[in-house]
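A.B. asks: What follows is a single structure, and I will ask about it in a moment.
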Amino acid sequence: MATLRVVLDTNVLLSGLAYPASTPGKILNAWRHGSVEVLLSQYILDELRRVLPRLTHRHGLDSSEIEDLVDILSIQAEVIEPADSPESALRDTNDQPILGTLLAALPDSKADYLITGDKDLLQLADRYPIVTPAQFWAAHGGL
């Protein structure tokens, strides 16, 4: 069976890093072990770089360790350019580049899913392969 290829939203990365035993943490662990391949965009990496310092109380990383972590993630992931295709159904314009990453990844990189906890993005699940971490893990947790 081919390895699943997924786009991880920033909130899944943050949850997985802050709570390793959580479902997002299990997804990151599967990525570390090569069970899934992850696609990210520079936008997602930059958002992660911006938000991680606010969670220092959870992960204990200082600013240079956060930089190193984001660099490692950018090397381990396939970094792609988001497609520029505005989705009028999205309330939050900050979600456009996340959806754009999925849209770019579908034809070119053969992504299987966008995994997110974002309710606005999840509302588009009838049109795009968008799932929650729990839905993904329920379907593919035996990776």
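If you want our numbering, it's the position in the sequence shown, counting the first as 1, plus 1004. Glycine included, every Cβ here is placed at the ideal spot set by N, Cα and C. As the structure is a computational prediction, the values presented were derived from the model and not from experiment.
1. Any chance the segment 1123 to 1132 sits against the segment 1061 to 1078, with 3 or more Cβ pairs inside 8 Å?
2. Determine the closest residue to I1102 out of K1030, D1112, S1089, with distance taken between C-alpha atoms.
3. Smallest Cα separation from T1105: which of V1055, Y1023, D1013?
4. Given a cut-off of 8 Å on the beta-carbon distance, is the pair A1115 and A1087 in contact?
5. Go through its chain and collect everything with a Cβ distance to V1055's Cβ below 8 Å, but skip five positions before and after it.
6. Would you call T1136 buried or exposed, if buried means 16 or more other Cβ atoms sit within 10 Å of its Cβ?
7. Return the CA-CA distance between E1041 and T1060, expressed in angstroms with no decimal places.
C.D. replies: Judging by the given coordinates:
1. Result no; under three Cβ-Cβ pairs closer than 8 Å.
2. Measuring from the Cα of I1102, the nearest candidate turns out to be S1089.
3. Residue D1013 is the option with its Cα nearest to T1105.
4. No, the pair does not count as a contact, with Cβ atoms beyond the cut-off.
5. Exclusion of the five residues before and after V1055 leaves T1014, L1018 as the residues of its chain whose Cβ lies within less than 8 Å of its Cβ.
6. It counts as buried.
7. Their Cα atoms are separated by approximately 27 Å.
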